[in-house]
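Chemist:
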Amino acid sequence: MLRVSLNPELLLWARERAGLDQAALVTRFKKLPEWEDGRLKPTLKQLERYARAVHVPLGCLFLKSPPKESLPITDFRTIGGAVVQRPSPNLLDTIYACQERQDWYQDYAKISGFDELEFVGSANLASAPTSVAEEMRKETGFDLETRKNFRTWSESLRQLMKKVDQIGVLIMVNGVVNNNTQRKLSLAEFRGFALSDRYAPLIFVNGQDSKSAQIFTLAHELAHIWLGSTGLSNNSVEPIRHTRTEEVWCNSVAAEFLVPMKDFQSQLDQKESLEEALDRLARRFKVSTLVVLRRLYDADWIDQDIFRATLKQQLGRLQELSLRRSSGGNFYHTNIARVGERFARALISNTLEGFTLYKDAYRMLGVRKAQTFKGLVQKVGLENWHNI
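Have a look at this one:
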């Protein structure tokens with residue numbers, strides 16, 4: 024039995040990188056304690072299985088020492104004022120997948136003769152959040168008058184995603200790495216990120232978050248696109264101390280974009296209870312009660328203690344409602360949401376025309392079978408294409 028020589032530190036590094044303790048893997052790799060302390064060497068097949076289990080390229084396990092990995096994009100996340108250090112493999116693989124899609128779409132846009140998007144990078148940190156929010160509403164058409172026709176804030180979220188997609192921004196919402204349901208993204212690690220580009224700006228929203236929270240994340244990342252900044256965020260409706268200036272600015276823009284303070288203040292009624300105000304104003308502005316709660320705090324209608332206590336209560340209630348309404352969804356609808364309708368339609372049509380290899384399209388779409396690809400073709404409305 025051929026065993027391979029390697030630095031045992033690499034095995035420990037790979038396991039800790041994946042956020043796994045020894046007990047979580049020892050049932051599959053009974054000799055793992057002996058591998059890690061150097062008493063025993065694994066076979067090549069065992070090492071291949073181990074690499075897949077901890078989501079690391081096999082070649083990394085043959086390095087002389089553990090590599091130092093860093094995020095490929097700016098990190099705007101903070102915990103207690105400190106930047107988060109070690110990125111998980113799930114986060115890294117998600118960013119790499121989105122960067123590949125963005126690179127492909129950027130080339131596609133240039134070859135297709137698309138114009139650069141003027142709103143990308145049109146603002147800076149000295150720009151007034153109210154002015155930028157107004158520009159974002161005009162560009163997307165997501166104004167209060169339009170939202171009057173929406174029945175719920177859930178519909179408002181769907182329409183916002185659609186409108187942002189229509190102005191040229193790639194929108195991707197996913198709670199797992201590609202289509203691997205065994206690799207769930209951590210909400211504690213990040214809520215979203217923006218990849219700025221004049222041809223192919225991209226927003227990724229962590230699908231593990233509640234639908235009610237996703238609308239704020241989407242607006243926050245859209246503000247990053249207006250700044251022309253690429254970065255990773257762990258934003259929320261809660262004002263957090265020690266947050267970087269750019270995140271504070273984007274939060275302010277997002278809140279103003281969704282609920283303009285001037286209109287909001289005109290709707291306040293000091294006589295009603297907090298619960299009544301949340302329900303009424305959520306219906307009025309077609310946003311979740313989380314966003315309304317944040318605006319009540321911004322308007323000094325409630326203090327920080329009430330804000331935090333109510334936020335915890337609302338998060339629990341909305342999460343319960345989300346689980347109650349969840350039905351698993353349609354596979355093809357979910358798959359399109361994971362890569363974005365704009366990207367999916369462009370990639371599929373380009374592949375059918377013969378300009379992109381099917382194997383490359385399958386990888387970027389996260390599919391393996393021709394039948395699944397055909398289902399996506401139908402979902403984006405290209406079912407009459409003569410080559411399928």
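First residue of the sequence shown: 24, per the numbering used here; consecutive thereafter.
The beta carbon of each residue, even a glycine, is placed where N, CA and C say it ideally should be.
Please read all numbers here as calculations on a predicted model, not as lab measurements.
From the DSSP output, read off the bridge partner residues of ASN66.
Modeler: The residue you call residue 66 lines up with position 43 of the sequence shown. With the sequence shown as reference, residue 66 is identified as Thr, and Asn is not the correct amino acid for it. Paired residues: ARG26.
Chemist: Looking only at its chain, what residues have a beta carbon closer than 7 Å to the beta carbon of ALA76, apart from the 5 residues adjacent to it on each side?
Modeler: Reading the sequence shown from its first residue, position 53 is the one you call residue 76. The answer, listed in chain order, is LEU48 and ARG51.
Chemist: Can you tell me which of the three DSSP states SER252 falls into?
Modeler: In the sequence shown, counting from the first residue as 1, residue 252 sits at position 229. In this structure, SER252 counts as coil in the three-state DSSP scheme.
Chemist: Let's test the definition: count the other Cβ atoms within 10 Å of the Cβ of PRO224 and tell me whether it reaches 16, buried, or not, exposed.
Modeler: Counted from its first residue, the sequence shown places residue 224 at position 201. Classification of PRO224: buried, given that the 10 Å Cβ count is 16 or more.
Chemist: Return the bridge partner residues of ASN358 from the DSSP annotation.
Modeler: Start at 1 with the first residue of the sequence shown, and residue 358 comes out as number 335. The partner list for ASN358 (beta bridge, DSSP) is empty, contrary to what the question assumes.
Chemist: Rounded to whole angstroms, how far is the Cβ of VAL310 from the Cβ of TRP176, which I believe are closer than 8 Å?
Modeler: Position 287 of the sequence shown holds residue 310. Position 153 of the sequence shown holds residue 176. That pair is a contact at about 5 Å.
Chemist: Rounded to whole angstroms, what is the Cα-Cα separation between ASN201 and ARG361?
Modeler: Reading the sequence shown from its first residue, position 178 is the one you call residue 201. Reading the sequence shown from its first residue, position 338 is the one you call residue 361. Straight-line Cα distance between these residues: approximately 7 Å.
Chemist: Taking Cβ to Cβ, would you say VAL155 is nearer than 8 Å to VAL314?
Modeler: Residue numbering aside, residue 155 sits at position 132 when the sequence shown is read from its first letter. Residue numbering aside, residue 314 sits at position 291 when the sequence shown is read from its first letter. Not a contact, by the Cβ cut-off of 8 Å.
Chemist: Can you check which of these residues, GLU364, TRP272 and ALA242, is closest to THR163 by C-alpha distance?
Modeler: Walking along the sequence shown from the start, residue 163 turns up at place 140. That would be ALA242, whose Cα lies nearest to the Cα of THR163.
Chemist: Of the choices ARG124, ALA369, LEU84 and ASP232, whose alpha-carbon is the least far from that of PRO31?
Modeler: In the sequence shown, counting from the first residue as 1, residue 31 sits at position 8. Cα-wise, what sits closest to PRO31 is LEU84.
Chemist: Around the C-beta of LEU148, are 16 or more other C-beta atoms found within 10 angstroms, so that it is buried, or is it exposed?
Modeler: Taking the sequence shown and counting its residues from 1, the one referred to as residue 148 is at position 125. Exposed: under 16 other Cβ atoms inside 10 Å.
Chemist: Terminal residues of the continuous beta strand (DSSP E) containing ARG221?
Modeler: Against the sequence shown, residue 221 aligns to sequence position 198. Counting along the chain, ARG221 falls outside any beta strand (DSSP E), and DSSP gives it neither H nor E.
Chemist: Kindly indicate which three-state DSSP category ARG40 falls into: helix, strand or coil?
Modeler: Taking the first residue of the sequence shown as 1, we reach residue 40 at position 17. ARG40 falls in the helix class under three-state DSSP.
Chemist: According to DSSP, is ARG206 helix, strand or coil?
Modeler: On the sequence shown, position 183 is the one that residue 206 refers to. Correct three-state label for ARG206: strand.
Chemist: Taking all protein chains shown into account, decide if GLN237 is buried (16 or more other Cβ within 10 angstroms of its Cβ) or exposed.
Modeler: Residue mapping note: residue 237 aligns to position 214 of the sequence shown, counting from 1. Buried, since its Cβ has 16 or more Cβ neighbours within 10 Å.
Chemist: Buried or exposed, going by whether 16 or more other CB atoms sit within 10 Å of the CB of ASP321?
Modeler: Walking along the sequence shown from the start, residue 321 turns up at place 298. So ASP321 ends up on the buried side.
Chemist: Does the stretch 281-298 come into contact with the stretch 246-260, if we say contact requires no fewer than three beta-carbon pairs (one atom in each stretch) closer than 8 Å?
Modeler: In short, these stretches do not touch, since the Cβ pair count stays below three.
Chemist: Is it the case that the stretch 357-373 contacts the stretch 387-404, given that we only count it when at least three CB pairs across the two stretches are under 8 Å?
Modeler: Contact between the stretch 387-404 and the stretch 357-373 is present, because at least three Cβ pairs lie under 8 Å.
Chemist: So for ILE325, helix, strand or coil by DSSP?
Modeler: In the sequence shown, counting from the first residue as 1, residue 325 sits at position 302. It is coil, neither helix nor strand.
Chemist: When every heavy atom of the ligand ADP is checked, does at least one fall within less than 7 Å of the C-beta of TYR119?
Modeler: This structure simply doesn't include the ligand ADP, nor any ligand for that matter.
Chemist: So, at 8 Å on beta carbons, what are the nonlocal neighbours of SER179 in its own chain, with the 5 sequence-adjacent residues on each side left out?
Modeler: Position 156 of the sequence shown, counted from the start, is the residue given in the question as residue 179. These residues qualify, in order along the chain: ARG170, PHE173, ILE238, LYS309 and VAL310.
Chemist: So the candidates are GLY404, LYS392 and THR374; which of them puts its Cα closest to the Cα of TRP127?
Modeler: Taking the first residue of the sequence shown as 1, we reach residue 127 at position 104. Nearest C-alpha to TRP127: THR374.
Chemist: Hey, ARG181 and ASN113: beta-carbon distance below 8 Å or not?
Modeler: Looking up residue 181 in the sequence shown gives position 158. Looking up residue 113 in the sequence shown gives position 90. Contact: no.
Chemist: Can you list, in chain order, the residues of its chain with a C-beta nearer than 7 Å to that of ILE411? Leave out the 5 residues immediately preceding and following it.
Modeler: Counting from one through the sequence shown, the residue named residue 411 turns up at place 388. Here ILE411 scores only 46 on pLDDT, less than 50, and its place in the model is too uncertain to base an answer on.
Chemist: To the nearest angstrom, report how far apart PHE354 and THR66 are at their CA atoms.
Modeler: For the purposes of this step, residue 354 is taken as residue 331 along the sequence shown, with counting starting at 1. For the purposes of this step, residue 66 is taken as residue 43 along the sequence shown, with counting starting at 1. Their Cα atoms are separated by approximately 39 Å.
Chemist: Could you check what DSSP says for ASP166 in three-state terms: helix, strand or coil?
Modeler: Locating residue 166 in the sequence shown gives position 143, where the first residue counts as 1. DSSP places ASP166 in coil when its eight states are reduced to three.
Chemist: CB LYS64 to CB SER28, shorter than 8 Å?
Modeler: Here residue 64 refers to the residue found at position 41 when the sequence shown is read from its first residue. Here residue 28 refers to the residue found at position 5 when the sequence shown is read from its first residue. Contact: yes.
Chemist: May I ask you to report which of helix, strand or coil DSSP gives VAL260?
Modeler: Residue numbering aside, residue 260 sits at position 237 when the sequence shown is read from its first letter. Correct three-state label for VAL260: coil.
Chemist: Which runs of the alpha helix (DSSP H) at least 4 residues long sit entirely within the stretch 105-156? Give them in chain order.
Modeler: Fully enclosed alpha helix (DSSP H) runs of 4 or longer: 112-134.
Chemist: Compare the beta carbon distance of PHE227 and ILE96 with 8 Å and say whether it is the shorter of the two.
Modeler: Looking up residue 227 in the sequence shown gives position 204. Looking up residue 96 in the sequence shown gives position 73. No, the Cβ-Cβ distance between PHE227 and ILE96 is not below 8 Å.
Chemist: May I ask you to list the residues that DSSP assigns as paired with GLY215?
Modeler: Position 192 of the sequence shown, counted from the first residue, corresponds to residue 215. The partner list for GLY215 (beta bridge, DSSP) reads VAL228 and SER256.
Chemist: Take LEU140 as the anchor and find which of GLU157, LEU183 and GLY191 has the nearest alpha-carbon.
Modeler: Working through the sequence shown from its first residue, we reach residue 140 at position 117. Residue GLY191 is the option with its Cα nearest to LEU140.
Chemist: In the DSSP assignment, the beta strand (DSSP E) including ASN201 goes from what residue to what residue?
Modeler: Translated into the one-based positions of the sequence shown, residue 201 becomes position 178. Premise fails: ASN201 is in no beta strand (DSSP E) and is neither H nor E.
Chemist: Between the beta-carbon of TRP232 and the beta-carbon of LEU210, is there less than 8 Å?
Modeler: Here residue 232 is taken as the residue at index 209 of the sequence shown, counted from 1. Here residue 210 is taken as the residue at index 187 of the sequence shown, counted from 1. For the record, residue 232 in the displayed sequence is Asp; it is not Trp. Yes, Cβ-Cβ distance for ASP232 and LEU210 is below 8 Å.
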